[in-house]
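This is the structure we're talking about:
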């Protein structure tokens, strides 16, 4: 869809720190991560909310989300992950996306007040994307 940032990333027209690009979706680092290694998973088609995802796409899309949750934990040495979808409210980009956020005990995340951080530079972001991608490939 013209003007959609995530559609631009899916098509390759806009840059992103990609973790994976598969038929069921594309995963890339959030540019304003809650914690470093925070991945966004989007379907290839422009869909706004989870309700718009066709039933036949659910198994493939959520299998990808599940694999990424495992990969984020394994690749980053996280204690776990937080997986979330905003529908309309707090959805900064109107394209369905699932957050996969690495968690560690005592990381300071409380409820839905998400502190944001930044990568030092593109090289650091690429390193995090590479670690998750490597764990995804082996898991």
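Numbering (this note's numbering), first residue to last: 20 to 158.
Positions of the beta carbon are idealized from the N, C-alpha and C atoms, including for glycine.
Legend entry - Unbroken stretches of the alpha helix (DSSP H), 4 residues or longer, contained in the region 59-111: Listed in chain order, they are 77-95.
Inset, instruction - Establish whether the CB of residue 40 and some CB of chain D are separated by less than 7 Å. - result: Among the protein chains of the structure shown there is no chain D, as only one such chain exists.
Legend entry - Limits of the unbroken beta strand (DSSP E) element including residue 157: Here residue 157 belongs to no beta strand (DSSP E); instead the alpha helix (DSSP H) covers 141-157.
Inset, instruction - Return the chain-ordered list of same chain residues with a C-beta closer than 6 Å to the C-beta of residue 29, the five sequence neighbours on each side being excluded. - result: If we look at residue 29 and ignore the five residues flanking it on each side, its Cβ neighbours are 45, 63.
Inset, instruction - For residue 45, name the three-state secondary structure that DSSP assigns. - result: In this structure, residue 45 counts as strand in the three-state DSSP scheme.
Legend entry - Own chain, CB closer than 6 Å to residue 116, minus 5 neighbours either side, in chain order: Excluding residues within five positions, the ones whose Cβ falls inside 6 Å are 59, 61.
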